[in-house]
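Novice: Take a look at the following structure, please.
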Amino acid sequence: MAITKAYIDASIAAGKREIEELKEVTQNMGATVSRIGYAATQVDGVRSLDTNRKLLTAAEQGLTTLRTQLREMRRLCKLIDHRRDRRQNGTYIP
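In my numbering, the protein residues as written are 8 to 101.
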């Protein structure tokens, strides 16, 4: 199979899309970590038990979101690695 300009362009475009998705997931993870940190730092002995419970629930929900984002990041990284490996051994078809 001859490598054409269209093949190269499609490969580059696919790689750029994956990297942009990865950047977006990374930014979302940063925001999630900030929310978790804020909720966790607001828990203290002065607040009511109900308020502390709500804050901890918010932190737990943030951790669940973070796990989902990490799974998505892993998926994208595997996709990028797989595409790179196939490109290097010449079997990649976009």
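Where is the CB? At the ideal position from N, CA and C, for every residue including glycine.
Just so we're clear, the structure is a prediction, and the values are computed from it rather than from any experiment.
Quick one, which of L70, I15, E79 and A13 has its alpha-carbon nearest A46's?
Specialist: In the sequence shown, the residue the question calls residue 46 occupies position 39. Per the Cα distances, L70.
Novice: Quick check on the DSSP output: the alpha helix (DSSP H) that includes R78 runs from which residue to which?
Specialist: On the sequence shown, residue 78 is found 71 positions in, with the first residue counted as 1. Per DSSP, the unbroken alpha helix (DSSP H) holding R78 starts and ends at L56 to N96.
Novice: Check whether the stretch 49 to 57 touches the stretch 86 to 96, counting contact only when three or more Cβ pairs, one atom from each stretch, lie closer than 8 Å.
Specialist: no
Novice: Assuming Q76 contacts L62 under a Cβ cut-off of 8 Å, what Cβ separation, rounded to an integer in Å, is found between them?
Specialist: For this step, residue 76 is matched to residue 69 along the sequence shown. For this step, residue 62 is matched to residue 55 along the sequence shown. Cβ atoms of Q76 and L62 stay farther apart than 8 Å, at about 21 Å.
Novice: DSSP three-state call for G52: helix, strand or coil?
Specialist: For this step, residue 52 is matched to residue 45 along the sequence shown. In this structure, G52 counts as coil in the three-state DSSP scheme.
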